[in-house]
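> The structure follows.
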Amino acid sequence: MSAGINTYKTDLREIFFTLFEQFGFGQVAGQAPYDAWGPDEAKAVLTETYRFAREVLGPLNASGDREGCRVENGAVFVPKGFKDAWQKLYEQGFKTVAVSPDHGGQGAPMMLQVTVEEILSGANTAFNMYPGLAFGAAEVIAECGTPAQQKQFVERMLNGTWGGTMCLTEPHAGSDVGAAKSTARRNADGTYSIRGTKIFISGGDHDMAGNIIHLVLARVDGAPAGTKGLSLFIVPKLRINADGSAGGTNDVTVASIEHKMGINGSATCVLNFGENDACLGELVGTVEHVGMSQMFKMMNGARIAVGIQGVSLASAAYYNAVDYAKDRKQGSHFTKWKDPSAPRAPIIEHPDVRRMLLDIKAHVEGIRSLIIKLAMHLDKAKQLAGKDDDAASYHRGQVEVLTPLVKSYGSDQAFRLCAQAIQVYGGAGYIQDYPVEQYTRDSKIFSIYEGTNHIQAMDLVGRKMGQAGGAHFQQFMGDVGSFVEAHREHPVLGEAVKTLAGAQEGLMSSAMALFGWSQDQGRFPLIPLSANRFLNMMSEVAVGWLLLDAAVIAEKASASVSADHPDKAFYEGKKFSALWYARNVLPNVEYAARLIAAEDTSPMDITDAAFASV
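The numbers in my numbering rise by one with no breaks, and the one at position 65 of the sequence shown is 381.
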């Protein structure tokens with residue numbers, strides 16, 4: 317298969333169901349501040365996004381992976397076709413769908429933006445990282461910067477004139493951001509002289525935009541140690557003239573780019589700031605030492621974006637695997653396996669292939685629902701702010717508890733599901749002629765960057781579950797419980813709903829165990845030992861709930877559809893996604909609760925020397 321052939325596929329009918337039928341986009345749109353939007357406008361945007369993804373981004377995915385990025389004379393050059401795609405992306409407004417009109421955007425609900433992002437990322441994850449990072453950096457300046465900074469930077473970063481990055485990680489620190497050694501020295505004119513090295517900087521340099529605006533965490537002279545002493549600075553690659561145009565160099569240099577397992581079209585840079593003591597930055601806002609809280613505004617959005625990346629590639633892998641399974645013939649039908657003269661059957665007729673495909677389908681649909689639900693909470697919190705503060709607080713709280721689930725479960729499952737898609741293909745999936753090989757390589761990074769998944773787990777159990785006195789977690793459990801009570805006697809899905817109830821009870825028992833350990837210093841190590849397992853349990857409860865919710869809606873809608881209508885099979889698919897997940901995944905939650913209750917400490921009890929004799 318030629319590297320330039322588009323292989324991206326998705327199902328707009330599935331996206332439309334989740335957006336419109338399950339989560340009521342039409343009930344959010346059409347009301348302030350989303351007055352100009354409705355289902356028809358959203359469908360038009362998604363249809364056009366899919367066309368752009370298929371015609372422009374998709375054909376560049378494999379070729380960008382093969383070519384990668386290169387450094388010449390200290391400048392990074394992206395793969396062929398990326399620069400033209402960048403210009404087209406911004407000309408057509410795909411990155412500003414949900415941006416406020418105050419900054420040149422279209423003001424749509426975030427529910428629509430996340431589905432647009434899924435399509436763009438699924439077609440070409442590496443490319444979409446460049447505008448995604450610029451978007452996140454611009455959001456931080458829009459929320460935390462001074463009016464002058466907002467005017468100078470935000471719209472240019474959102475319309476593609478300038479790019480943007482986030483610069484946290486340093487060679488010696490990794491995820492330990494508080495150990496950062498980059499410095500910022502105050503200058504008489506109010507600027508700061510920045511000096512330090514940052515690594516793993518996605519989109520750290522490229523030739524698609526006229527300038528790149530780096531957000532850099534650094535420590536002002538005399539600041540305290542740890543994260544509390546960090547400040548955030550706007551550091552352009554090129555200095556900015558009085559008229560807003562790009563000027564000369566700002567002493568930001570590319571030391572190298574990484575050669576990676578995947579996302580090879582994305583330039584992952586080592587950046588040196590101030591090697592010649594000529595790198596100038598300006599404080600974001602007016603207050604020093606609040607850099608971490610400012611950066612976390614970008615990090616939370618970035619973590620949601622990683623979950624979107626995960627479902628985008630798992631979904632693309634799924635639809636390619638289904639097409640391959642329908643076309644590839646191998647072996648006879650299982651009912652005729654003893655007959656050597658039987659015709660060869662498409663592999664989609666083989667039971668184990670069907671099992672693998674339904675497993676991928678259920679997870680993709682459930683994770684997409686989780687992401688759109690989180691976006692719905694964001695939209696409703698914005699709508700209700702100042703009108704119904706209690707309701708707005710509830711929605712903000714759900715965003716808090718769902719974000720680590722979206723990031724971690726979306727990313728862990730993406731790698732597993734893409735690898736399972738390879739298994740559907742067999743040996744053909746392992747070679748570069750088919751896209752699932754690249755999807756699998758590209759997806760591995762998702763569980764690592766923007767805070768490793770263990771960091772997400774500790775964020776959930778150490779911070780999010782205790783927020784507002786535990787109210788956010790309790791409200792999540794209450795929402796699941798309300799669904800269970802409403803549908804436990806459903807004629808088709810009732811037994812599956814009761815399985816969800818059992819999983820919910822297991823999750824609650826583990827939550828109580830975590831709380832008990834937090835009050836007992838001797839058992840405190842059990843919390844980090846169990847955090848990942850607990851996050852996975854909560855994710856499975858959330859996804860199982862949303863799949864069953866979708867199935868209830870689909871069962872009701874199916875009753876009014878004729879037997880030969882295409883939606884009949886579609887709604888049936890929603891039912892079987894939920895039943896598969898309830899029967900094969902949700903029971904794991906109760907088992908995991910028993911494992912947590914067993915309080916196994918063997919990873920802590922084993923000595924360092926006992927891990928290996930070499």
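In this text, a Cβ means the ideal position worked out from N, Cα and C, and glycines have one as well.
So what does DSSP say about Arg502, is it helix, strand or coil?
strand
> Please work out which residues of its chain come closer than 8 Å, Cβ to Cβ, to Leu851, disregarding the five sequence neighbours upstream and downstream, and give them in chain order.
Take Leu851, set aside five residues on each side of it, and the residues of its chain with a beta-carbon closer than 8 Å to its own are Pro720, Leu721, Ser724, Tyr725, Asn769, Gln772, Ala773, Leu776, Val777, in chain order.
> Just verifying my parser: in three-state terms, what is the DSSP assignment at Met611?
helix
> Measure from the alpha carbon of Met302 to the alpha carbon of each residue in Glu716, Gly438, Ala873, Leu449, then state which is nearest.
Residue 302 falls outside the range modelled here, since the chain spans only 317 to 930, and no answer is possible.
> According to DSSP, is Trp478 helix, strand or coil?
strand
> When the Cα atoms are used, what is the spatial distance from Gln343 to Pro841?
46 Å
> Kindly list the residues whose CB is nearer than 7 Å to the CB of Met427, restricted to its own chain and excluding five residues on each side of it in sequence; keep chain order.
Sequence-distant Cβ neighbours of Met427 in its own chain, meaning closer than 7 Å and more than five residues away, are Leu335, Phe339, Phe341, Val344, Ile688, Ala691, Met692, Asp695.
> Quick one, which of Gln736, Cys385, Asp327 has its alpha-carbon nearest Arg367's?
Asp327
> Applying the criterion that 16 or more other CB atoms from any shown protein chain within 10 Å of the CB defines a buried residue, is Ala642 buried or exposed?
A small fix is needed here, since residue 642 is Lys in this sequence, not Ala. With fewer than 16 other Cβ atoms within 10 Å, it is exposed.
> Pull up the DSSP beta-bridge partners for His881, would you.
According to DSSP, His881 bridges with nothing at all.
> Figure out for me which residue from Glu856, Leu596, Ala454 has the closest Cα to the Cα of Ala504.
Leu596
> Who are the Cβ neighbours of Gly421 in its own chain at under 6 Å, not counting the five residues just before and after it?
Cβ contact annotation for Gly421 (same chain, cutoff 6 Å, sequence separation greater than five): Thr412, Val415, in chain order.
> For the alpha helix (DSSP H) containing Val715, list its first residue and its last residue.
705-741
> Tell me the DSSP secondary structure of Gln835 in three-state form.
Here DSSP, grouped into helix, strand and coil, assigns Gln835 to coil.
> Mind checking which residues open and close the beta strand (DSSP E) that includes Gln646?
Gln646 -> beta strand (DSSP E) spans 645-648.
> Taking all protein chains shown into account, decide if Met317 is buried (16 or more other Cβ within 10 angstroms of its Cβ) or exposed.
Confidence in Met317 is poor, its pLDDT being 44 and thus under 50, which makes the residue's placement too unreliable to answer from.
> Identify whether Ala391 lies in helix, strand or coil by the three-state DSSP scheme.
strand
> With a threshold of 16 other CB atoms inside 10 Å of the CB of Gln714, please say whether the residue is buried or exposed.
When all chains shown are included, Gln714 counts as buried.
> Spatial neighbours of His711 within its chain, please: C-beta separation below 6 Å, excluding the five flanking residues on both sides.
Close CB contacts of His711 within its chain, under the 6 Å cut and outside five residues either way in sequence, are with His693, Lys696, Ala697 (chain order).
> For Val901 and Ala909, what's the separation of their Cα atoms in angstroms?
14 Å
> For Ala571 versus Asp521, is the C-beta distance shorter than 8 Å?
Not in contact: Ala571 and Asp521 (Cβ atoms no closer than 8 Å).
> In angstroms, rounded to a whole number, what distance separates the CA positions of Ala541 and Ala495?
Distance between the alpha carbons of Ala541 and Ala495 is about 8 Å.
> To the nearest angstrom, how far is the alpha carbon of Glu801 from that of Ser631?
32 Å
> Quick test of the definition: if touching needs 3 or more C-beta pairs under 8 Å, does the stretch 448-458 touch the stretch 364-381?
Two segments are said to touch when three or more pairs of C-beta atoms, one from each, lie closer than 8 Å; by this definition the stretch 448-458 does not touch the stretch 364-381.
> By the three-class DSSP mapping on this structure, what secondary structure does Ser518 have?
strand
> Do you know how far the Cα of Cys483 is from the Cα of Ile663?
Cα-Cα distance, rounded: 47 Å.
> Could you say if the stretch 548-566 and the stretch 615-634 meet the contact criterion of at least three C-beta pairs nearer than 8 Å?
no
> With DSSP as the reference, identify every bridge partner of Cys585, one or two as the case may be.
Under DSSP, Cys585 takes part in a beta bridge, and its partners are Ile517, Ile573.
> Which of helix, strand or coil does DSSP assign to Ser416?
coil
> Using only CA atoms, which one of Phe650, Thr543, Gln646 lies nearest to Met611?
In terms of CA proximity to Met611, Thr543 leads the group Phe650, Thr543, Gln646.
> Can you look up Leu548 in the DSSP assignment and give me helix, strand or coil?
strand
> Apart from the five residues on each side of it in sequence, which residues of its chain come closer than 6 Å, Cβ to Cβ, to Lys399?
Met524
> Can you grab the Cα-Cα spacing for the pair Val622 / Phe443, in whole Å?
Using only the alpha carbons, I get a separation of about 14 Å.
> At a cut of 8 Å, does the stretch 830-838 reach the stretch 754-765 through at least three beta carbon pairs?
no
> Which ranges would you report for the beta strand (DSSP E) in the stretch 393-478 if only whole runs of at least 3 residues count?
none
> Taking DSSP as the reference, what is the three-state secondary structure of Glu811?
helix
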